[in-house]
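Here is the structure we will look at.
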Amino acid sequence: MSIEIRKARTRDAVQIHRLVNDFAKQEVMLPRSLLSIYENIRDFYVAEQDGRLVGCSALHFTWGDMAEVRSLA
Numbered sequence: 000m001s002i003e004i005r006k007a008r009t010r011d012a013v014q015i016h017r018l019v020n021d022f023a024k025q026e027v028m029l030p031r032s033l034l035s036i037y038e039n040i041r042d043f044y045v046a047e048q049d050g051r052l053v054g055c056s057a058l059h060f061t062w063g064d065m066a067e068v069r070s071l072a
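Note that the sequence shown ends on residue 72 in numbering that gives the first Met the number 0; no numbers are left out.
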């Protein structure tokens, strides 16, 4: 049962959306629209176990050496 960390692909967007918004329903993180995830898919990494997405995070660079961690689930 190993977990693989990899760059997100566009085909991961729906699963990322579901994961993030499940936590948003619990009021532990902010919701994200599916469009927002598609637009920022290059910022995302995912954790995959047995073909199932079990985690995600995005690192969005703002300027210079500044970045923001987004959607850590």
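All residues carry an ideal CB built from backbone N, CA and C; glycine is no exception. Fair warning: this is a prediction, and the values are worked out from it, not measured in the lab.
Among the options, the one whose alpha carbon lies nearest that of residue i
i	options	result
T9	M65, D42 and A23	D42
F60	L52, N39, R17 and A23	N39
R5	R51, P30, W62 and E67	R51
L33	V13, L71, F22 and I2	V13
Nearest-angstrom Cα separation, counted from residue j out to residue i
i	j	result
D64	L58	12 Å
R31	H16	7 Å
V45	W62	24 Å
A66	D49	31 Å
Y69	V27	Residue 69 is actually Arg in this sequence, not Tyr. Roughly 13 Å separates the two Cα atoms.
Interface flag, residue i vs chain C, CB-CB below 9 Å
i	result
V68	In the displayed structure, chain C is absent; only one protein chain is listed.
Checklist entry - Taking only runs of the alpha helix (DSSP H) that begin and end inside the region 11-47, which ones reach a length of at least 4 residues, in chain order? => result DSSP runs (the alpha helix (DSSP H)) wholly in the region 11-47: 12-24 and 33-38.
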